[in-house]
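All remarks here apply to the structure that follows.
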Amino acid sequence: MFDCYDLFDEVQLFYVMKWEIRLHGRGGQGVVTASKIIAEAAFAEGYQSQSIPFFGAERRGSPVTAFTRISEHEIRERSQIYHPDYLLILDPLVMRTVDVFQGLKSGGGVVISSPSAIERDVFPNIELTVGLVDGVGVSIRNDLVVAGNPVVNIPAIGAFLRIFPEISIECVEKIVLEKFGNRSVRALYSSYDETEVFRIRGSREKKKEERKKPEKVWIPASKPAKGVAGITGYWRDFRPVIDYGRCTGCLNCWIHCPEGSISRKNGDVEIDYTFCKGCLVCLAVCPRKAISSEREVSA
Amino acid sequence: MKELLLTGNQAVAHAVRNSGVEVVSAYPITPSTPVVEEIAKMVERGEMNAKLILVESEHSAMSACIGASLGGVRAFTATSSHGLAYMHEMLHYAVNARTPVVMAVANRAIGPGWNIWADLSDSMSQRDVGWIQLYCESNQEIYDSIAMAYRVAEHEDVILPVMVCYDGFVLSHTSMPVKPDDLREFTGEYEPLWKVDFENPETHGNILPPDYFMELRYEICRSHAAALKIMERVEREFYETFSRRTPLIFESYRLDDADVAIVTAGAISSEAKIAVDSLREKGVRAGLLRIRCFRPLPSHRIVQALRDVERVYVFDRSVSVGSEGQIFQELRSAFYGFQSSPEICGYVVGLGGRDVTSEIFENAVTGRINSEWVMEVVV
Ligand code: SF4
Ligand code: SF4
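Protein chains in written order, with the numbering used here: chain R, 1068 to 1366; chain Y, 96 to 474.
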């Protein structure tokens, strides 16, 4: 008898187009939303698609990952993506704490949102197409700073469309317009235009993966200690700066800082930039407007 | 020690006092209410040096016990039926936070179809939360179980909560002779492996991401396995101390040369013993395996004990709706993969306090009951 499943398998092997995209960023940057927009646009283009968020600790600034799958056929995977065809890196600082290139396929594409060029030794030793854009810059220029956070997901999508021709920018435009309005559409187009696309073969050799085996876990308890969540200072886009001429030492910022990175020293408050994650809560609560913000460019 | 005539609930209260419990928190529910009433009197009379925390719900009662246990003291609560169901979330918490709380559960059906009478649905519904579960047959056994429960719960290889279950009214409100031995030395001082320490602060119950969570659950399962070994030890020590054999894992009654075996848990087991004796008189070589510890399930030991019988009759005073009686299910799966498995049949009996007499067991074994649900009270 004619076995349609065998035939289907063969058809899949040879003809099914399928792309897996992994997105890296930090809480508050719209990583999950970007994954959703790409999936929706692909769906509108007639593909099957899937957007999977992976949430860590619900904490502004902590590393976040999301996944998008696009295929011509039903997508059966429910797991995370380990061998992506494309990477979207919404924040270059994430590269310091997360091995973002892990499992990336040779010949794949990478979008990086960064204000400065990325050294060759950052990329792995495989053929890659890179789309580089200063997402934060695009966002600031298009007035897309929400609650102190420049929206970098829309610029990253704009850059992605330059290296992923299966989705048209008009299709994304419709979705972005409906969800976020005109300013976002402008940011989408300016990032599309500004993105620098180039091919590169990186020089970073693959690190041997040592999967850390967790110790015996007896009780869900932890000791509070400085820096147990890592160097949260790497998460910062903006640096809060105290103007001591205006500061009265009221301690309002000290009590509100979610990271405990403001300390009291000889009657003065002081910010520990190793751990200040740049959320700018202190700026918002200072009654004397003694705190201003400066963009971090030390990516 | 002089024997006293105590109800099951009183036996619990005496055992709690005599085991050196320091914090009791509870909310009243029939039929376990008298446990806490009794304890309240003991505290008031100054016989018991414990803090009694009365709360607005069972959920809070369990929470208070967890807090007390994390604070490094021996904690206790008692409940039944809806109260136990209401605790469900915190039952999980007590396990994952590794708090060796001991709880008395006077088993009662769950409504509506408002019913205050005995069946094991309440504790059986909690079989997967990770509490160690002991089922009792007599008030003496209830008394002994409380002390033994603390020994098992607090053992450094276990550190898990234990519920001591006994049929509501059938045991909870029925008085029987109980020897109220002094348990203080047997239970000893509680020495927690960890506790909330203000000098050395820690976060308890913090986030545990996917990289760690399975390890936490794995250790809990390993501790359950270890608990069986500890129970053997505690059984032995209990006998050496009080010269009384109180089984912790299961009891074999006339099982050595048996052709047919009855398997039960709880108060109905005592009726089953009458049936075994009566069947033996009539020439049927019957025996009983009475499950004391349902979680962890002593599968291997049960298979060993029942390997040579031809037929096994399992009686559940509860049912997993959509499936069968819980003990029946688990017994069959314990035998899975063994070449020489006895024939196993299961009966649901005594729900919502319907009386269970020895004749039911006898009739099942002699083939006079054809339904898996035994509805009539055979007398
Ligand atoms: S110092 Fe200000 S910006 Fe930095 S973490 Fe604290 S509140 Fe946020
Ligand atoms: S809130 Fe403003 S004025 Fe008050 S201590 Fe902080 S910086 Fe100074």
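Glycine residues also receive a C-beta, built at the ideal position from the N, C-alpha and C atoms.
In this text, all values refer to a predicted model and were calculated from it rather than measured experimentally.
What in chain R is Cβ-close to residue i, meaning under 9 angstroms?
i                        : result
tryptophan 289 (chain Y) : Trp1285, Ile1286 and Ala1288
alanine 360 (chain Y)    : The premise fails here: alanine 360 (chain Y) is roughly 31 angstroms from chain R at the closest Cβ pair, so nothing lies under 9 angstroms.
Hey, is residue i's beta-carbon within less than 9 angstroms of any beta-carbon in chain Y?
i                      : result
glycine 1095 (chain R) : no
proline 1291 (chain R) : yes
glycine 1297 (chain R) : no
With 9 angstroms as the threshold, decide whether the Cβ of residue i is near any Cβ in chain R.
i                        : result
histidine 299 (chain Y)  : yes
alanine 367 (chain Y)    : no
proline 256 (chain Y)    : no
glutamate 133 (chain Y)  : no
glutamate 249 (chain Y)  : no
leucine 314 (chain Y)    : It should be noted that the sequence gives glutamate, not leucine, for residue 314 (chain Y). So yes, glutamate 314 (chain Y) belongs to the interface.
tryptophan 468 (chain Y) : no
Can you name the start and end residues of the alpha helix (DSSP H) that residue i belongs to?
i                           : result
glutamate 133 (chain Y)     : 128–139
alanine 173 (chain Y)       : That residue, alanine 173 (chain Y), is in no alpha helix (DSSP H); its beta strand (DSSP E) goes 170–174.
phenylalanine 456 (chain Y) : 453–460
lysine 324 (chain Y)        : 305–337
serine 364 (chain Y)        : 363–376
proline 123 (chain Y)       : Note, proline 123 (chain Y): premise wrong, no alpha helix (DSSP H); not H, not E.
leucine 1255 (chain R)      : 1249–1261
aspartate 217 (chain Y)     : 216–219
arginine 1145 (chain R)     : Neither: arginine 1145 (chain R) is in no alpha helix (DSSP H) and is coded neither H nor E.
arginine 380 (chain Y)      : Counting along the chain, arginine 380 (chain Y) falls outside any alpha helix (DSSP H), and DSSP gives it neither H nor E.
proline 1222 (chain R)      : 1220–1230
lysine 1103 (chain R)       : 1098–1111
glycine 1198 (chain R)      : Glycine 1198 (chain R) -> not in any alpha helix (DSSP H); beta strand (DSSP E) instead, spanning 1194–1200.
glycine 1327 (chain R)      : Premise fails: glycine 1327 (chain R) is in no alpha helix (DSSP H) and is neither H nor E.
Applying a beta-carbon distance threshold of less than 7 angstroms, which residues of chain Y neighbour residue i?
i                      : result
glycine 1123 (chain R) : Pro304
I want to verify the contact list: residues of chain R whose CB lies under 7 angstroms from the CB of residue i, in sequence order.
i                     : result
leucine 311 (chain Y) : Val1284 and Pro1287
Give the range of the beta strand (DSSP E) segment to which residue i is assigned.
i                           : result
glutamine 228 (chain Y)     : 227–230
aspartate 1335 (chain R)    : 1335–1338
glutamine 1117 (chain R)    : 1115–1121
glycine 1175 (chain R)      : 1175–1180
phenylalanine 423 (chain Y) : Counting along the chain, phenylalanine 423 (chain Y) falls outside any beta strand (DSSP E), though it belongs to the alpha helix (DSSP H) covering 421–430.
asparagine 202 (chain Y)    : 197–202
tyrosine 261 (chain Y)      : 257–262
Using a cut-off of 8 angstroms between C-beta atoms, extract the partners of residue i located in chain R.
i                      : result
proline 126 (chain Y)  : Those do not exist, as proline 126 (chain Y) stays about 34 angstroms from chain R at its closest Cβ, beyond 8 angstroms.
arginine 193 (chain Y) : Trp1285 and Ile1286
Give me the Cβ distance between residue i and residue j, rounded to the nearest whole Å; I'm assuming they're in contact under 8 angstroms.
i                        : j                           : result
serine 164 (chain Y)     : threonine 125 (chain Y)     : Serine 164 (chain Y) to threonine 125 (chain Y), Cβ: 26 angstroms. No contact.
aspartate 252 (chain Y)  : isoleucine 325 (chain Y)    : 6 angstroms
valine 1177 (chain R)    : serine 1258 (chain R)       : Not really, about 15 angstroms apart at Cβ, beyond 8 angstroms.
isoleucine 363 (chain Y) : phenylalanine 410 (chain Y) : 6 angstroms
alanine 118 (chain Y)    : alanine 170 (chain Y)       : Before going further, note that residue 118 (chain Y) is valine rather than alanine in the sequence given. Confirmed, Cβ separation roughly 5 angstroms.
Taking 9 angstroms as the CB-CB limit, is residue i close to chain A?
i                     : result
proline 296 (chain Y) : In the displayed structure, chain A is absent; the protein chains listed are R and Y.
Quick check: does the Cβ of residue i come within less than 8 angstroms of any heavy atom belonging to ligand 3?
i                     : result
valine 1336 (chain R) : Because ligand 3 does not appear in the structure shown, any question about it cannot be addressed here, the ligands present being ligand 1 and ligand 2.
(request) Considering only heavy atoms of ligand 1, list every residue whose Cβ is less than 7 angstroms from one of them, following chain order. (result) If you measure from each CB to the nearest heavy atom of ligand 1, the residues under 7 angstroms come out as R:Pro1307, R:Cys1320, R:His1323, R:Cys1324, R:Pro1325, R:Glu1326, R:Ser1328, R:Ile1329, R:Ile1338, R:Cys1343, R:Lys1344, R:Gly1345, R:Cys1346, R:Leu1347, R:Val1348, R:Cys1349 and R:Leu1350.
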